[in-house]
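Residue numbering for the sequence shown follows the numbering used here, starting at 47 and increasing by one per position.
What follows is a set of notes on a single structure, which appears directly below.
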Amino acid sequence: MGVKCAALLPHPPIVIEEIGGRELKKAEKTVQGFKKTAAEIAEFKDELDLIVFITPHGPVFRSTASLIIKDQLQGNFGDFGFSKLEFKEKSDINFAEKLLQNTSEKNLVLQPLRKKDLINYGIDQELDHGIMVPLNYLEEAGLKLPIVPISIGFISYQELFKIGKEIARTAAELDYKIAVIASGDLSHRLKKGAPAGYNSEAHLFDEKLIEYFKEKDFDSILNFDQELVEKAGECGLRPIVTMLGAVDGLELELEVNSYEGPFGVGYGTVFIKTKSI
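Below, the structure is given as structure tokens:
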């Protein structure tokens, strides 16, 4: 028991058909990468107990990662003008509480966000677009499972990696088989007019990251050149590092299903299957 598969998936709302419309064609490689990766994960739907999402767009704190603990999770694309496009999902309180216990034992910073905390912080949706965009494709592929949403914090990569290891340990201790999804876009500065501006070296971050994945050179991902990370203006590295912690020590099969940057932001889809369970 433990992590059965994992993936890197991007989260541009424009790849949702109802939102993207004609613009969807400009991101065709990403759409196909999404469909392929979602189908590969869905092959395990009869074995999996839940999906753990690691998102950079949930409740993000400077000094801690966070974990929403609530039976029912909901969210919609109202921030993008599509409030009727919504998701209502079950969570798994047992897994969430056990993960919280395990990280606490290791003195790792993972803040629980229960109903009263969400109210206090003014958080009215538990699902952000970093979760809903990948979830859209997973559910279209026939995968409907409880989910546990974890938001990154601006803490060290080493600590996020260790939290990932506790995700795997929690699954093993509960006799769960899980999928772990790192939701993240790559460089936001690939073209002039890109969301975070343009940097002539930003493409190097994407190229190196994709190459590291192809070579399964996870050490290089964990020790990425921080100057290049800053130039890229990315939002995916912390979710990726957490996900890599969850598959640490396992024998893996990995494939990069797509990469492109049609709107000045890099989108990569990567599927990882573990061979040890």
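A virtual CB, placed ideally from N, CA and C, is assigned to each residue, including glycine.
Being a predicted model, the structure only gives us computed values, none of them experimental.
In the three-state reduction of the DSSP assignment, E297 falls in the coil class.
Residue range Y313 to T320 is occupied by the beta strand (DSSP E) that includes K319.
In this structure, the alpha-carbon of M289 lies about 21 Å from that of K136.
Fewer than three beta-carbon pairs drawn from the region 235 to 248 and the region 100 to 119 are found closer than 8 Å, and the two stretches are therefore not classed as touching.
Residues of the same chain with a CB within less than 7 Å of the CB of H249, apart from the 5 flanking positions on each side, are S233 and L236 in chain order.
Between A217 and A52 a beta carbon distance of about 12 Å is seen, past the 8 Å cut, so the two are scored as non-contacting.
Going by C-alpha positions, E212 is about 42 Å away from R68.
For Q118, the uninterrupted beta strand (DSSP E) run begins and ends at Q118 to F123, by DSSP. In this structure, DSSP gives F107 a state outside helix and strand, which the three-state scheme calls coil. Following the DSSP letters along the chain, one finds K72 in no beta strand (DSSP E), marked with neither H nor E. Runs of the beta strand (DSSP E) spanning 3 or more residues and lying entirely within the region 125 to 174 occur at 128 to 136 and 156 to 159, in chain order. Straight-line spacing of the CA atoms in D271 and K144 works out to 34 Å.
The shortest C-alpha to C-alpha distance from N122 to any of V179, S202 and K116 is the one to V179.
The residue from I224, Q157 and K190 with its alpha-carbon nearest to that of I198 is Q157. Annotation: R215 to G124 spans about 36 Å, alpha carbon to alpha carbon. With a beta-carbon spacing of about 6 Å, P59 and H175 fall inside the 8 Å limit used to define contacts. Ranked by Cα distance from S304, the first of Q171, K319, Q78 and I97 is Q78. Residues R284, V287 and T288 of the same chain have their beta carbon placed closer than 6 Å to that of L206, with the five preceding and five following residues left out of the count. Across the structure, A85 and E185 are spaced so that their CA atoms are roughly 10 Å apart. Within the same chain, and ignoring the five residues on either side of D221 in sequence, the residues whose Cβ sits closer than 7 Å to its Cβ are M47.
Excluding its 5 nearest sequence neighbours in each direction, Y167 has C-beta neighbours in its own chain below 8 Å: P105 and L159, listed in chain order. When the Cα atoms are used, E219 and V49 turn out to be separated by approximately 12 Å. Taking C-beta separations shorter than 7 Å and ignoring five residues to either side along the sequence, the partners of E93 in its chain run K50 and K223, following chain order. Apart from the 5 residues on each side of it in sequence, F107 sits with its Cβ closer than 6 Å to the Cβ of G199 in its chain, given in chain order. In the structure shown, the three-state DSSP call for F99 is strand. Assignment of I193 by DSSP, reduced to helix, strand and coil, places it in the strand class. CA-to-CA, the gap between V98 and S229 works out to about 10 Å.
In the DSSP assignment, S112 forms a beta bridge with Q157 and S197.
For V287, the enclosing alpha helix (DSSP H) starts and ends at L283 to A292.
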